[in-house]
Amino acid sequence: MNVIEFIREKRENLQINNAEFIAKWEPKFRNISDIINSKLANTLNNPWISRFSFFEDDEQPKGSFPEQTPEAKQAYDRLKTQLGEETFVGEWHTIDQDCINQFAAVTGDNQWIHTDPERAKQESPFKSTVAHGFLTLSLIPALTNTVDPDNNPYPDARMAVNYGLNKVRFPFPVKAGTRVRAHSRLIGLTPMKRSIEVVSEMTIEIENSKRLACVAETVIRLYY
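Structural data, given as structure tokens:
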């Protein structure tokens, strides 16, 4: 057997072995993949609050409209009239160096661009320390007054749950000592049996700037 024939025979044997391996194990890998995808989809589509039967929403097929409780339907009908509208403009709030330092201490993010004013003045292109992007994001509840018990935007809801975010961007940094304020626009509603999923576009405006500090889509669940 010459060298060419030897190589050809080995290649053919390898192809046969690969085909047998794939035929044997591919169904098992596919089954494992299906199980993982199913678990992941279940995790992403069901909030932790669903473990509490009092606030449980019955699963309904996609695209269907559930039979809502009177309280949930009344709230949904009211909110539906606000779709696409700006529903809130907040007061100006100053993000000072003390606020930035406290956030850095809590999160462990002590980069000099946030916490060292002297170095930032010398080396930063902004000539100032800047707030963490996640600090700006975390201020959304305070900037929109949703944590103010005396000014509850959903007074008829038994409970409001922060379900998450669809997307977040930080177009421009916030210099220490700068004032910001929040704007909220209602962009999505999903009715459920005893609750409503509310999606709002939040924009954080920087005083005297055309650039925004943060643009985020927030998702909350209101339970009735």
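Mind the numbering: the sequence shown is residues 0 to 223 in numbering that gives the first Met the number 0, read in order.
From the three backbone atoms N, C-alpha and C, an ideal C-beta is built for every residue, glycine too.
No experiment lies behind these values; they were computed from the predicted model shown.
CB-CB under 7 Å to residue i, same chain, minus the five flanking residues each way: which ones, in chain order?
i	result
T261	The question about residue 261 has no answer, for the chain in this structure spans 0 to 223.
Output yes or no for whether 8 Å exceeds the beta carbon distance between residue i and residue j.
i	j	result
V173	I139	no
G89	N144	yes
T114	A130	no
L134	I112	no
N165	E216	yes
Y162	V214	no
Out of curiosity, what's the CA-to-CA distance linking residue i and residue j?
i	j	result
H92	H182	13 Å
S199	N150	18 Å
D76	E70	10 Å
Q81	I186	9 Å
S208	V179	10 Å
R262	S123	Because the chain here runs from 0 to 223, residue 262 falls outside it and cannot be looked at.
A74	E196	11 Å
E66	F87	30 Å
G281	K72	It is not possible to answer for residue 281, since the shown part of the chain is limited to 0 through 223.
R118	G132	20 Å
A159	K120	42 Å
Q110	S137	18 Å
Quick one: grab the DSSP three-state call for residue i.
i	result
E204	strand
T93	strand
H131	coil
Y222	strand
T145	coil
F125	coil
V198	strand
N151	coil
R77	helix
V173	coil
L136	helix
A159	strand
N100	helix
When burial is assigned at 16 or more other CB atoms within 10 Å of the CB, is residue i buried or exposed?
i	result
P60	The pLDDT assigned to P60 is 49, lower than 50, so where the model puts this residue is not dependable, and the model offers no usable value.
V105	exposed
P154	exposed
R220	buried
A156	buried
P148	exposed
Closer than 8 Å by C-beta to residue i: which residues in its own chain qualify, once you throw out the five before and the five after it? Chain order, please.
i	result
L211	P170, F171, T202, I203, E204, I205
E95	Strictly speaking, residue 95 in this sequence is Asp, with Glu absent from that position. Once the five neighbours on either side are set aside, the close Cβ partners of D95 are A175, G176.
L188	Y75, L78, K79, L82, I195, E196, V197, V198
Looking at the ligand HEM, does it come within less than 7 Å of residue i, judged from the CB to the closest heavy atom?
i	result
D147	Absent from the structure shown: the ligand HEM. Ligands present: none.
Using C-beta distances below 6 Å, list every residue in its chain close to residue i, excluding the 5 sequence neighbours before and after it, in chain order.
i	result
L39	A caution first: L39 carries a pLDDT of 49, below 50, which makes its placement in the model unreliable, though a value can still be read off. The answer is none, since no qualifying residue turns up.
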